[in-house]
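Q: Take a look at this one; I'll ask things after.
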Amino acid sequence: MENWHLPITIVPGLGLLILSTSNLMVTLSNEISGMIENSKKKVITAKKLKQLKLLNMAMVFFYVAVALLLVSAVINGLYEVGKTSLYTSVLAIVFALIGLISLVTFSFRAVTIRQNQFQNKID
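Letter 28 of the sequence shown, counting from 1, is numbered 28 in my numbering, and no numbers are missing.
Below is the structure:
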């Protein structure tokens, strides 16, 4: 019961990840809207739509991780079931890691897509 606050200490970090991912989603959505109006770039637009889906998936994993961490803190604070709280915290960390892996994948793909865009402008 004395460690009920430990899962909550991770929540601000996840909050920053959610905020930055939200900003990425808004920027990407605006870029896609501009590209749809200029319909010559259908291949790159399709790739960017997949990127948007990847960001959305990362956001879902981060939200689930935050929810699980909060549930873990409540369980640990109200009841004497340490294992349940521990398993919930570990599950939350796994969800956060999956979200981070999604962001890393997004970053690698974003560089490739941006290089293709610049190459198309040169050609």
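Glycine included, each C-beta is placed from N, C-alpha and C at the ideal position. Bear in mind that the values here come from a model prediction, so they are computed numbers and not experimental data.
What do you reckon, are the CB atoms on Ile44 and Ile113 nearer than 9 Å?
A: Going by C-beta atoms, Ile44 is nearer than 9 Å to Ile113.
Q: As a quick exercise: from Ala110, Glu80 and Leu103, pick the residue whose alpha carbon is nearest that of Phe62.
A: When only C-alpha atoms are compared, the closest one is Leu103.
Q: Indicate the three-state DSSP secondary structure (helix, strand or coil) for Lys83 in the structure shown.
A: Three-state DSSP puts Lys83 in a helix.
Q: With a threshold of 8 Å, are at least 3 pairs of Cβ atoms found where one atom belongs to the region 106 to 120 and the other to the region 77 to 87?
A: No, the region 106 to 120 does not touch the region 77 to 87.
Q: Assuming Thr21 and Ala58 make a contact with CB atoms under 8 Å, what is their CB distance in whole Å?
A: Right, their Cβ atoms sit about 6 Å apart.
Q: Mapping the DSSP letters down to three states, classify Asn38 as helix, strand or coil.
A: In the structure shown, Asn38 sits in coil (DSSP, three-state: anything other than H, G, I, E or B).
Q: How long is the line joining the alpha carbons of Lys41 and Gly34, rounded to whole angstroms?
A: Using only the alpha carbons, I get a separation of about 10 Å.
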